[in-house]
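Since the structure comes first, as structure tokens, the remarks are kept for the end.
Residue numbers (my numbering): 153 to 285.
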């Protein structure tokens, strides 16, 4: 178990690279499911959002939609993933990160893979302050 936890980030990065290189959404979603680590699915969300922003590749967002529709990633983990990105947005060094995340949240809510009640103004960040949007 510990070995899988330690290798999870590199396995996830590898899967996202394969997807960007033309891999199939359903296959990538199944690989994430096969990792059998649902308690880390917020990391999938976080990594996919950051990858979409960095690479300007919204195809990665389709993976989140697919994983949600297939029941691989639940709305709680989606919310946690978005929360992590929002909390650390200023350290990401990505131009227009705030606007991109806001757009991604609207898309996710519209497509049903982020809870409509998800409210970025209520997010606590590690030092106890609130994220200002």
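Yeah, the Cβ is synthetic: ideal placement off N, Cα and C, and Gly gets one too.
If you draw a straight line from the C-alpha of residue i to the C-alpha of residue j, how long is it?
i: residue 287; j: residue 259; result: The requested residue 287 is not part of the displayed model; the chain covers only 153 to 285.
i: residue 243; j: residue 251; result: 15 Å
i: residue 277; j: residue 270; result: A caution first: residue 277 carries a pLDDT of 47, below 50, which makes its placement in the model unreliable, though a value can still be read off. For residue 277 and residue 270, the distance between alpha carbons rounds to 15 Å.
i: residue 240; j: residue 195; result: 13 Å
i: residue 230; j: residue 197; result: 6 Å
Less than 7 Å separating the beta-carbons of residue i and residue j?
i: residue 145; j: residue 215; result: A question about residue 145 goes unanswered here, because the residues of the chain that appear run from 153 up to 285.
i: residue 172; j: residue 209; result: yes
i: residue 191; j: residue 160; result: no
i: residue 180; j: residue 162; result: no
i: residue 184; j: residue 237; result: no
Could you give the first and the last residue of the continuous alpha helix (DSSP H) run that contains residue i?
i: residue 204; result: 193 to 207
i: residue 239; result: 227 to 239
i: residue 215; result: 211 to 221
i: residue 176; result: Element bounds for residue 176: n/a, residue is neither H nor E.
i: residue 224; result: From DSSP, residue 224 is part of no alpha helix (DSSP H); its letter is neither H nor E.
With DSSP collapsed to three states, give me the class of residue i.
i: residue 270; result: coil
i: residue 163; result: helix
i: residue 277; result: Unreliable positioning characterises residue 277 in this predicted model, as indicated by a pLDDT of 47, which lies under 50. The coordinate reading is nonetheless provided below. Coil.
i: residue 257; result: helix
i: residue 187; result: coil
i: residue 244; result: coil
Just checking: is the beta-carbon of residue i within a distance shorter than 7 Å of some beta-carbon in chain D?
i: residue 221; result: Absent here is chain D; the protein component of the structure consists of one chain.
Just to confirm my understanding: we take residue i, look at its own chain, exclude 5 residues before and 5 after, and list those with CB closer than 6 Å. What are they?
i: residue 220; result: 265
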